[in-house]
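Numbering (my numbering), first residue to last: 836 to 1031. Think of the CB as a built atom: it goes at the ideal place given N, C-alpha and C, for glycine as much as any other residue. What you are looking at is a predicted structure, and each value in this text was computed from that prediction instead of being measured. Notes for the one structure printed next.
Structure, rendered in structure tokens:
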């Protein structure tokens, strides 16, 4: 199993912009750093990790932050679907779990459940409370899976499930988790985890 970890370089003003509107660019960037590092620690140790970063000229900044033990590949141009599809294609023929750095509640135990879901299903999904998703795992790429998805809306996971059904791809879905975009969500995360 490979975790395709899609990240932004930690540049104040370019990450967690909704959170930054309430707490400032630098504190929001520090929050993002903490969220990503927590997520990286939760990835099962026997999984491979492949980091897909943006902007493409910030590889060194990302390596200074996260180390050099994992491969780093720049994300291509395009929308989130294009970038996620490219990540899956790089990681194949391994099974792939697409992961971002926004959800502190995506634990190692849940990731093991996601992996186990692929034993009986084509796709394994953990939705986000806001309607997106915090991870999507698959054994192979399903052309058309992201067709017509309106990214950053509250119907992304629902649309994805509909697409999977139309492709005859079986999907197992787990309980939704909250990712962190707003000051209220960040405060809840800080109340939940001592390392924040």
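Between residue 1009 and residue 949 a beta carbon distance of about 7 Å is seen, short of the 8 Å cut, so the two are scored as contacting. Residue burial annotation: residue 873 is buried, with at least 16 other C-beta atoms found within 10 angstroms of its C-beta. One thing to note: residue 839 has its Cβ no nearer than 8 Å to the Cβ of residue 907. Annotated as proximal: residue 973 and residue 931, with beta-carbon spacing under 8 Å. Residue 1003 counts as exposed, since fewer than 16 other beta carbons sit within 10 angstroms of its beta carbon.
The Cβ atoms of residue 867 and residue 851 sit closer than 8 Å to each other.
DSSP places residue 945 in the helix class (H, G or I) of the three-state scheme. At the C-beta level, residue 909 and residue 963 stay beyond 8 Å of one another. Annotation for residue 862: the continuous alpha helix (DSSP H) segment containing it runs 860-877. Taking the Cβ atoms as the reference, residue 966 lies roughly 6 Å from residue 992, within the contact range of under 8 Å. Taking C-alpha positions only, residue 1005 is separated from residue 979 by approximately 14 Å.
The criterion of a C-beta distance shorter than 8 Å is not satisfied by residue 927 and residue 841.
Taking each of 859, 917, 1029 in turn and checking the Cα distance to residue 976, the smallest one comes out for 917. Rounded to the nearest whole angstrom, the CA to CA distance from residue 875 to residue 884 is 9 Å. Residue 951 counts as exposed, since fewer than 16 other beta carbons sit within 10 angstroms of its beta carbon. The beta strand (DSSP E) runs of length 3 or more contained entirely in the region 909-945 are, from start to end of the chain, 931-934. Counting every other CB atom within 10 Å of its CB across the protein chains shown gives residue 878 a total of 16 or more, marking it as buried.
The three-state secondary structure of residue 958, taken from DSSP, is strand.
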